[in-house]
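In order, the protein sequences belong to chains P and B. In terms of this note's numbering, the first sequence has 1113 at position 777, counting the first letter as 1, and numbering is strictly consecutive. In terms of this note's numbering, the second sequence has 144 at position 136, counting the first letter as 1, and numbering is strictly consecutive.
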Amino acid sequence: MKRVLPAAIVILISVMAVLAIVRVRFSSDVFELLPQDLPEARGLEQINRYFSRDAQLIITLDGQSARAVSEATASLASTLSQQKSVIADVFREVDMERIVAEGGPLVAWAWFNGSPERLALLERRLIHPQSRETLEKSLEEIDDAFDTESALLRSYDPLQLSQFGSNPEGEGGPSFDPMRSSSGKFEILYVEGGGVDFSDYREVRGWLDKVQSLASQWLKEWNGKGTKDMDVEVGYTGTPAFMSEVGAGMERDMTISVLLTLVLISALFFLVHRQVTPLIWLLAAMMGILAITLTIAELALGELSVISVGFAAILMGLSVDYAIVLYREALGNPGSPRTLRRAVGPGIAWAAVTTAAVFLSLNLSSLPGLAELGNLVALGILVGALVMLFGFAPVAVQFAGKRSRGSARDWVPSSMRKGAAGVLAALVPLAAIWSVLMIEKPVIEAEFHPFRMKESPALIAWNEMREKLHGESQTTPAVITAANFGELHTQLQAFKKRSSKAQKAGLIESVILPDSWVPHPEYQRRNAKLLRALIKEGPRLLSEIDEAGFTKEGMDLTREVINSWTHYLDQHDGKQPVRPAGSLAKWTVDQIVTESEDVVAAVVALTPVNPSEREWVTAICDDHSNVASLPSLGTALNERIGEDLWKIFVPMLVLLTAVLALVYRSWRDLFLTLLALLFGGSVIVILTVWTPLSWNSFNVCGIPLLFGIGLDFSIHMLFALRRSGGDIGAVRKRMGKAVAFCGLSSAVGFGSLATASADGLSSLGVVCAIGILANTFVAVMLLPSWYCLVHPVSNSAADSGDQVD
Amino acid sequence: MQRVTFQLLILISLISGVELMADTKGGGEQVVRRWLSTNAGVDVLKVEFTQIRKLTSLKSLIRQHGVLWIDRRAGARFRWQIGNPPRTIVTRVKDELLVMRPRSLQYEKSPAGKSKNSMAILAGGFPRDWEEFQKKYELLGVKSLNGTHRINVQPRGQLAHGVRVLTFVTESAKGILQSIDLTLRDGSSQQIVFDRVVTGPQLNDNLFEPDLTGYRAANFK
């Protein structure tokens, strides 16, 4: 019975923790993690929200010859189209046949929605007898065409309905987005999915697995046909692919980082203490802290983001420190849980508060994702301190006493000699300053994107697609939003003015505006009457086309346009603008204009002269106009983080110094703590200058974290040195080992993030792990010697040397 | 007796028919090389041709006469015109393609590499060796018919778009090019029949760089 109850408690806590973890919901939306006051962040989020289709997968095909790719694409499209349960539609490049067969509604709508002056010109071309002249002109152009393809296109449009007249400067689209490279050896397919909820990444993953399985089977058969020159390779990209990768990445990150941390910390604890039962209780306590924190987080936040999934490993690495401090103290001074709490409680409490404060200071950062991470860790730290002080303290008292004195090895090295420690205290910071001055390496990586996924097949396929289809073109999309289509036209005109100015100033090379393709309520209202008159001329026009020598195929487009006008006028109520009908028309215009419940949006294509600079962004953007520009976003984030460091770090340092002054009430001990922080920081600086390790807009936010943790270690060590009257040997045996363990466990917690999928989180983990190890070295090896240097009264104890267990 | 003779005649014609339509798959490259060898050493060419277009959207054929010049000295120069007086003139010098409409006094210039149509392939001239041929075309096969070889190819790259098959028709005996047939995916077709071929004619430089005085720039869509 005595053993059953504790075992049951441990199992119950573990089950609760596992349930809490399994219930966690992940958000694969990375854009909400960017500062929303940046036009680039808003632009990227809007492109994703309004124009990327959750259910639209892009399949890329790459082969040795244009014929191979063309035939393979047709075959794959046909195979996938038959899978009606998972695939709603498949789009290939819009070719001439499709334009002729399905272009009628689009052409009709373009006239219906275009300027009335332009429609009037069309009307003049089509009235009798001008219509016959138009037909004669078409026949002449067909006769005179240099190439057969041009002649053919004209022959399908005898009345030249697809000639909308000269475009105003800067107006364009929809130029059918190229889906085939100029060599023909690369082509893409758009696959519209169906049958699942495309907002849930788990369902998307299941759907994607099915589609990939179908495509893999097809590929095996296709490439197995024998001729190597017909082989193709297939890639997958687009929203479903990214969602699936991000979601799976987050699940993997959380699992790996938590498991890795648990395993390594367990191994460390066992190596040091050689006890299993307290280890099990320790693990249960850590899982309990995680479960409580996750439950609170779920209530407060709902979903975890790709960055905040890293909080669990960090939290475990930090909260285990409190358990170790308790355990080490219990080993040296056996007593009751109350006496234990009285001895180390203040230190743990101060450490928890200062660490939580440091993580909470991330709320001052411009990156919402980082703020979320900081809040979760801060919450977890406070929960962890309470759980350890009141939950683990009794365990520590119970089991520390049972540990045999000879069961652990003396694994912490002795402190450095005072002289050497003193010299290092001066040399290392000087070396850091010299390194920064002498080496010309950018302080922060220029184009770093914190939420970019490492090893992302979807991203590789995306970049390949952009390179092969768009080449050197640096077109950047801008999103213009408004409450309705009338206002959208006003916003577009205002954007046109600003971008013209920016062009004249040499900031932008070109701008293509989609004015003609945005539904225009006023134009449609004015055009309705004229269109009714044109529809009445339909039978006459078709008869003239027939007499001129065109076949039924030659009349099809004209017939479709007239029928579509009838359909649009039936739909038109004079208030709401009519959208284009037909799958080709809808698919084409939806790439440029979109309408949701309370917002309408249009996309503009522009080419900045220097994409990574920000002057052009501030020149053209406002509340209704944002740009989806990754290069300038990198610049903006670096600027922001630079500002944040001054905004967060300096005040935090001042505040902490004041708090420490109150805590220590000794300028010498305050000096020692600040020296320890300076030394640890200098080590990191030297490493970032002389090794491949580098700062970026994300991991630079780890600086406050490193200072907070370094502070922790200093506080523990200094309190211990004070209590022992400067007895380095005694401090090394107990607190030194505890701090060393804490440092290693925290480094493990952060270091496990090196395996994270997101670049930002991974680099944060690496820098923090290295920084913590540096802080640990300082606290255990150097700080005691420095203490003896500045507290001469304590030197007699130090000179007696280290005692050996 | 008559019935036997009749049946024999049918059999012979069937055999001939089979021979006429023989697929010289195995000797395809040989046939192509033979044709290409007729181009070797021919730097300047003038071809008078008849162009016949059959479009699925038009009831009647479009038949026109024209002249084509190719000059491969100092880079490929090309001039193609139809009608007399010319209704359309197309020249290519280096990488620039010029299309002129004398009747409407309009012209359009564009980079030759950007043209996405089958005639733009011909503007680069006929290949003179196997490597050049392979760079421009993918050989689909060679068929024999009525004393000719029909070399069926697919143009490589974007130029292939819309083209079902391009066929160079050569004389079986000497391998000389007789016509070029083009079939598009919708079933429309074009045939350029070489009526008269002159090798090494005297050329005027102005032929490839016509005077644009009085012409205005346009965009022929």
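Glycine included, every Cβ here is placed at the ideal spot set by N, Cα and C.
Distance between L696(P) and L1089(P), taken at the CA atoms: about 20 Å. The three-state reading of DSSP puts A1056(P) in helix, counting H, G and I together. Proximity of the region 387–406 of chain P to the region 988–998 of chain P falls short of the contact definition, fewer than three beta-carbon pairs being nearer than 8 Å. The DSSP-derived three-state label of T64(B) is coil.
Those residues of the region 871–886 of chain P placed with their C-beta closer than 7 Å to a C-beta in chain B are G885 and F886, ordered along the chain. For M108(B), the nearest beta carbon of chain P is not closer than 7 Å to its own beta carbon. The C-alpha of L1047(P) lies about 15 Å from the C-alpha of V986(P). T1024(P) is positioned such that its CB atom lies no closer than 7 Å to that of S1033(P). For L1014(P), no beta strand (DSSP E) run applies; the uninterrupted alpha helix (DSSP H) run containing it begins and ends at W1003 to W1026, by DSSP. DSSP, reduced to helix, strand and coil, places H464(P) outside both helices and strands of the structure shown, so it counts as coil. N449(P) is classed as buried because its beta carbon has at least 16 other beta carbons within 10 Å across all chains shown. In its chain, beyond the 5 residues on either side, L105 have a beta carbon closer than 7 Å to the beta carbon of S118(B). Secondary structure at Y526(P): strand, using DSSP grouped into helix, strand and coil.
Among the residues facing chain B, A402(P) is included, as its CB has a counterpart in that chain under 7 Å away. E889(P) belongs to the set of residues whose beta carbon lies under 7 Å from a beta carbon in chain B. Residue contact check for K67(B) against chain P: a CB pair falls below 7 Å.
Contact between V815(P) and Y386(P) holds, since their C-beta atoms are separated by about 7 Å, short of 8 Å.
In the DSSP assignment, R541(P) falls within the unbroken alpha helix (DSSP H) covering Y537 to N559. By the 16-neighbour rule on beta-carbons within 10 angstroms, P465(P) is exposed. According to DSSP, V570(P) shares a beta bridge with L397(P). When Cβ-Cβ separations below 7 Å define contact, Q162(B) makes contact with chain P.
In this structure L618(P) is not in contact with F726(P), their Cβ atoms being roughly 15 Å apart against a cut-off of 8 Å. The criterion of a C-beta distance shorter than 7 Å is not satisfied by D103(B) and A82(B).
Chain-order list of chain B residues neighbouring D480(P): R95, T96 and R109, by C-beta distance under 7 Å.
Contacts with chain P at 7 Å (Cβ-Cβ) include Q198(B).
Across the region 58–90 of chain B, CB contacts with chain P closer than 8 Å involve R61, L63, T64, S65, L66, K67, S68, I70, Q72, W88 and I90, in sequence order along the chain.
For A487(P), the chain B residues whose C-beta falls within less than 7 Å of its own C-beta are R61 and L63, listed in chain order.
Contact with chain B is absent for S411(P), since none of that chain's Cβ atoms lies less than 7 Å from the residue's Cβ. For D103(B), the three-state secondary structure derived from DSSP is coil. With its beta carbon at least 7 Å from every one in chain P, L53(B) lies outside the interface. For the region 637–670 of chain P, the beta-carbon criterion of a distance under 9 Å to any beta-carbon of chain B is satisfied by none of its residues.
Contact check for V772(P) against S1018(P) fails: the beta carbons are separated by 7 Å or more.
Just so you know, the alpha carbons of I349(P) and S641(P) end up roughly 25 Å apart. When DSSP states are grouped into helix, strand and coil, N699(P) belongs to the helix group. For the region 182–208 of chain B, the beta-carbon criterion of a distance under 7 Å to any beta-carbon of chain P is satisfied by L190, L192, R193, D194, S196 and Q198. By the neighbour-count definition (other C-beta atoms within 10 Å, threshold 16), A687(P) is a buried residue.
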